[in-house]
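The next block holds one structure in the form of structure tokens; read it before the comments.
2 protein chains.
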Amino acid sequence: MKIVLLQTGKTADKYISEGVADYLARITRMTGFEIITVPDLKYTGKMPPAEQTLREGRAILNCIRNDDYVVLLDRKGKALDTIEFANELQKLLLMPKKRVLFLIGGAWGVSEEVYKRANFILSLSKMTFSHQMVRLLFMEQLYRALTIIKGIPYHHE
Amino acid sequence: MKIVLLQTGKTADKYISEGVADYLARITRMTGFEIITVPDLKYTGKMPPAEQTLREGRAILNCIRNDDYVVLLDRKGKALDTIEFANELQKLLLMPKKRVLFLIGGAWGVSEEVYKRANFILSLSKMTFSHQMVRLLFMEQLYRALTIIKGIPYHHE
Chain A
1 MKIVLLQTGK TADKYISEGV ADYLARITRM TGFEIITVPD LKYTGKMPPA EQTLREGRAI
61 LNCIRNDDYV VLLDRKGKAL DTIEFANELQ KLLLMPKKRV LFLIGGAWGV SEEVYKRANF
121 ILSLSKMTFS HQMVRLLFME QLYRALTIIK GIPYHHE
Chain B
1001 MKIVLLQTGK TADKYISEGV ADYLARITRM TGFEIITVPD LKYTGKMPPA EQTLREGRAI
1061 LNCIRNDDYV VLLDRKGKAL DTIEFANELQ KLLLMPKKRV LFLIGGAWGV SEEVYKRANF
1121 ILSLSKMTFS HQMVRLLFME QLYRALTIIK GIPYHHE
């Protein structure tokens, strides 16, 4: 079982890249993990948000395999605390699936088609954060959940 | 009216410092804002968490003025979405107080005394994030709320 983070567009901020790289190194020491980045669309400046989201959605769906378990990160999804998330993740990792794929949309969220493909919609926060910041948040939370599953001291309840 | 972020201990991670500095520059262009850091306690390695939290709490209370409006950031507090947070902040900024003080505790949270001093307890997420990461999260969310209050394009609903 492999964990995948599927994200849309390059990471623009250097400090986000550095933070993500830090957690990436820690996570890959613990489990099979990969980040897949759907390239930025060109000419989005003149594109209506709905059009951009639709096109990004198609590119996202191309990266998803039929038997992936897809967890969409969306602020309107189900809010779990860290222990609940770790328990959920542990269950997912025991499923007879090849990949659990966490998905972060673009600046305008995800298309209806992508929404429908999601098996679970997880909220990291009721608040809106930039989709760049969400990457860092997710990496910290995935690392934290893995330390709980593996009994490594990191999380204080 | 000034906004203050009161935090406990140095920022250890370089990428967190860089991200915070980025938002600090943007926020201070928009409003009066200051970050106050309560120094790390010494010899915490041998100290029980309750003792550390109590001592940190006293140092925190020393930095709070009688007429500050104190918003404690705690995952068990009230969850607001970004628009609700912006509305709440706008109301706070109109109060006849000198400072709205946002407070982030240490690695083990805050003491009972500090909890009692808080006028409002705000949850950025049900999940636990490192108190270092919470700084960056808070800065992004404060910046986002200020752009909404001031009608600057940044937030997509």
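Read top to bottom, the protein sequences are chains A and B.
1 is the number of the first residue of the first sequence in the numbering used here; add one for each residue after it.
1001 is the number of the first residue of the second sequence in the numbering used here; add one for each residue after it.
Note that the Cβ used here is the ideal one computed from N, Cα and C, for glycine as well.
Q. Could you give the C-beta distance for Q1132(B) and F1085(B), rounded to a whole number, given that I count them as a contact under 8 Å?
A. Counting from one through the second sequence, the residue named residue 1132(B) turns up at place 132. Counting from one through the second sequence, the residue named residue 1085(B) turns up at place 85. Rounded, the Cβ-Cβ distance is 21 Å, inconsistent with contact.
Q) From P1039(B) to Q1007(B), what does the alpha carbon distance come to, in whole angstroms? A) Indexing the second sequence from 1 puts residue 1039(B) at position 39. Indexing the second sequence from 1 puts residue 1007(B) at position 7. Cα to Cα, the separation comes out at about 9 Å.
Q.
Tell me which residue opens and which closes the beta strand (DSSP E) that I36(A) is part of.
A. Mapped onto the first sequence, residue 36(A) falls at position 36. Note, I36(A): beta strand (DSSP E), F33 to V38.
Q. Interface residues of chain B around M133(A) at Cβ under 9 Å?
A. Here residue 133(A) refers to the residue found at position 133 when the first sequence is read from its first residue. Those within 9 Å of M133(A) in chain B are G1019, L1136, L1137 and E1140.
(Q) Quick check on the burial criterion: 16 or more other C-beta atoms within 10 angstroms. Buried or exposed for I1104(B)? (A) Position 104 of the second sequence, counted from the first residue, corresponds to residue 1104(B). Counting Cβ neighbours within 10 Å, I1104(B) comes out buried, since at least 16 surround it.
Q) With C-beta atoms as the reference, is R1099(B) less than 8 Å away from D1068(B)? A) Mapped onto the second sequence, residue 1099(B) falls at position 99. Mapped onto the second sequence, residue 1068(B) falls at position 68. Cβ distance < 8 Å, so R1099(B) and D1068(B) count as in contact.
Q | First and last residue of the uninterrupted alpha helix (DSSP H) at I1027(B) | A | On the second sequence, position 27 is the one that residue 1027(B) refers to. Note, I1027(B): alpha helix (DSSP H), K1014 to T1028.
(Q) Need the endpoints of the alpha helix (DSSP H) that A145(A) sits in, please. (A) Here residue 145(A) refers to the residue found at position 145 when the first sequence is read from its first residue. H131 to I149 is the span of the alpha helix (DSSP H), which, as asked, contains A145(A).
Q | Beta-carbon gap between L101(A) and M1(A) smaller than 8 Å | A | By 1-based counting over the first sequence, the position of residue 101(A) is 101. By 1-based counting over the first sequence, the position of residue 1(A) is 1. In this structure, M1(A) does not lie closer than 8 Å to L101(A) by Cβ.
Q | Residues of its chain near I149(A), where Cβ-Cβ distance is below 8 Å and the 5 sequence neighbours each way are ignored | A | For the purposes of this step, residue 149(A) is identified with residue 149 of the first sequence, where counting begins at 1. Contacts found: A86, L89, Q90 and L93.
Q) For L6(A), which three-state DSSP category applies? A) In the first sequence, counting from the first residue as 1, residue 6(A) sits at position 6. Note: L6(A) maps to strand in three-state DSSP.
Q: Between the Cα of T11(A) and those of V114(A), I36(A), A25(A) and R26(A), spot the shortest distance and give me the residue it belongs to.
A: Residue mapping note: residue 11(A) aligns to position 11 of the first sequence, counting from 1. The residue with the shortest Cα to Cα distance from T11(A) is I36(A).
Q. Quick one: Cα of V20(A) to Cα of G9(A), how far?
A. By one-based count along the first sequence, residue 20(A) stands at place 20. By one-based count along the first sequence, residue 9(A) stands at place 9. Roughly 14 Å between the two C-alpha positions.
**Q.** Where I1152(B) falls: helix, strand or coil (DSSP)
**A.** If you number the second sequence from 1, residue 1152(B) lands on position 152. It is coil, neither helix nor strand.
(Q) By the 8 Å beta-carbon criterion, what residues does the stretch 74–104 of chain A contribute toward chain B? (A) R75, A79, L80, D81, T82 and F85
**Q.** Any chain A beta carbon closer than 8 Å to L1124(B)
**A.** In the second sequence, counting from the first residue as 1, residue 1124(B) sits at position 124. Closer than 8 Å to some Cβ of chain A, the Cβ of L1124(B) qualifies, so yes.
(Q) Report the CB separation of L136(A) from I27(A) in whole angstroms; it is logged as a contact under 8 Å. (A) Looking up residue 136(A) in the first sequence gives position 136. Looking up residue 27(A) in the first sequence gives position 27. The pair is not a contact, with the Cβ atoms about 13 Å apart (cut-off 8 Å).
(Q) Contact criterion: CB-CB distance below 8 Å. Does K1014(B) meet it with respect to chain C? (A) The structure shown contains no chain C; its protein chains are A and B.
Q.
Using C-beta distances below 6 Å, list every residue in its chain close to S111(A), excluding the 5 sequence neighbours before and after it, in chain order.
A. The residue given as residue 111(A) occupies position 111 in the first sequence. Closer than 6 Å at the Cβ level, and outside the excluded window around S111(A), lie T53, L54 and G57.
Q) From G1032(B) to I60(A), what distance separates their C-alpha atoms? A) Here residue 1032(B) is taken as the residue at index 32 of the second sequence, counted from 1. Here residue 60(A) is taken as the residue at index 60 of the first sequence, counted from 1. Rounded to whole angstroms, G1032(B) to I60(A) spans 42 Å at the Cα level.
Q) Could you check where the alpha helix (DSSP H) with V1110(B) kicks off and where it finishes? A) Along the second sequence, one-based indexing puts residue 1110(B) at 110. It is not in any alpha helix (DSSP H) - V1110(B) carries neither H nor E in the DSSP assignment.
**Q.** Beta-carbon proximity list for M1127(B), same chain, < 8 Å, skipping 5 on both sides
**A.** On the second sequence, position 127 is the one that residue 1127(B) refers to. Hits under 8 Å: R1075.
Q) Should A25(A) be flagged as near chain B, meaning a C-beta pair shorter than 8 Å? A) Along the first sequence, one-based indexing puts residue 25(A) at 25. Cβ-Cβ to chain B under 8 Å: no for A25(A).
Q | Reduced DSSP category for K1078(B) - H, G, I as helix; E, B as strand; rest coil | A | Within the second sequence, the letter at position 78 stands for residue 1078(B). It is a strand residue.
Q. Between which two residues does the beta strand (DSSP E) harbouring L1054(B) extend?
A. Within the second sequence, the letter at position 54 stands for residue 1054(B). Careful: L1054(B) lies outside any beta strand (DSSP E), inside the alpha helix (DSSP H) at P1049 to N1062.
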